[in-house]
Ligand code: 1GP
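Residue numbers (this note's numbering): 628 to 868.
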């Protein structure tokens with residue numbers, strides 16, 4: 628079964644975001660061990676800007692230690708790596724930066740075509756989260772205002788009508804405020820493709836709230852970097868829903 632079928636099976640999913648800059652190999656092996664025990668559904672690997680980290684090494688370590696699918700969450704075309712299972716082919720539909728709407732995709736397409744990666748066409752929407760994040764700065768675009776649920780819903784609808792298979796609403800890594808539950812509800816009512824929510828989710832309570840509002844997949848990165856026990860506690864929520 629392809630990963631898209633698993634994402635769209637109407638069951639709640641939990642993805643742990645691994646930024647290759649943030650984990651050394653020892654820490655990564657510990658994280659993977661915990662993720663295996665907690666039955667985490669996916670690893671998302673990537674970052675808006677990689678400095679010291681190497682995405683290939685990160686994916687290899689994960690793959691050597693577990694069978695949890697690895698999905699690349701690319702900051703740019705340099706983060707394409709064959710060892711992963713799939714890649715979110717992100718089109719930044721909340722912004723008006725042509726490079727991130729279609730430009731990078733043209734560069735990446737011949738490489739993706741030759742690869743064995745499953746391509747997951749994704750409408751990526753940055754939502755204002757109360758502070759500037761790396762994702763926002765690097766995207767050179769404006770986020771959707773935090774309280775403009777109508778803009779978010781129209782954008783997601785347009786993404787679905789254009790044939791995108793997933794919608795990912797993101798406050799950006801380390802977001803001050805997670806995407807509001809009201810906005811998630813509104814978007815979810817207007818689309819029929821799976822909805823991924825990430826950015827600024829720091830507690831199991833908030834994760835539960837976002838799932839109840841309509842998130843199909845929750846992505847958590849930053850908070851787990853500072854407290855790995857959160858991984859287990861959020862996973863418990865997913866399996867209790
Ligand atoms: C960022 O959605 C992800 O793009 C996760 O965000 O690191 O804030 O959990 P956090």
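All residues carry an ideal CB built from backbone N, CA and C; glycine is no exception.
No experiment lies behind these values; they were computed from the predicted model shown.
Pairwise C-alpha distance: residue 759 and residue 733: Their Cα atoms are separated by approximately 28 Å.
Residue 847 CB to nearest heavy atom of the ligand 1GP below 7 Å: yes
Candidates 652, 651 and 675, of which the one nearest residue 801 by Cα: Nearest in C-alpha terms to residue 801, of all of 652, 651 and 675, is 675.
Residue 797 beta carbon near the ligand 1GP (any heavy atom closer than 7 Å): yes
Enclosing beta strand (DSSP E) for residue 647 [first to last residue]: From DSSP, residue 647 is part of no beta strand (DSSP E); its letter is neither H nor E.
Proximal residues to residue 682 (C-beta, below 7 Å), its chain only, five neighbours per side dropped: 647, 672, 673, 706 and 708
Contained alpha helix (DSSP H) runs [length at least 4] in the region 713-783, N- to C-terminal order: Segments of the alpha helix (DSSP H) lying fully in the region 713-783: 731-741 and 761-766.
Same chain only: Cβ atoms within 8 Å of residue 684, ignoring 5 sequence neighbours per side: 647 and 652
Cβ-heavy atom distance, residue 840 to the ligand 1GP, below 7 Å: Of the heavy atoms belonging to the ligand 1GP, none sits nearer than 7 Å to the Cβ of residue 840.
The region 691-700 / the region 719-738 touching (three or more Cβ pairs under 8 Å): no
Beta-carbon proximity of residue 644 to residue 700, cut-off 8 Å: yes
Reduced DSSP secondary structure (H/G/I, E/B, other) of residue 698: Under the three-state reduction of DSSP, residue 698 is assigned to strand.
Contact test: residue 850 Cβ vs the ligand 1GP heavy atom, cutoff 7 Å: Indeed, a heavy atom of the ligand 1GP lies less than 7 Å from the Cβ.
Three-state secondary structure (DSSP) of residue 820: coil
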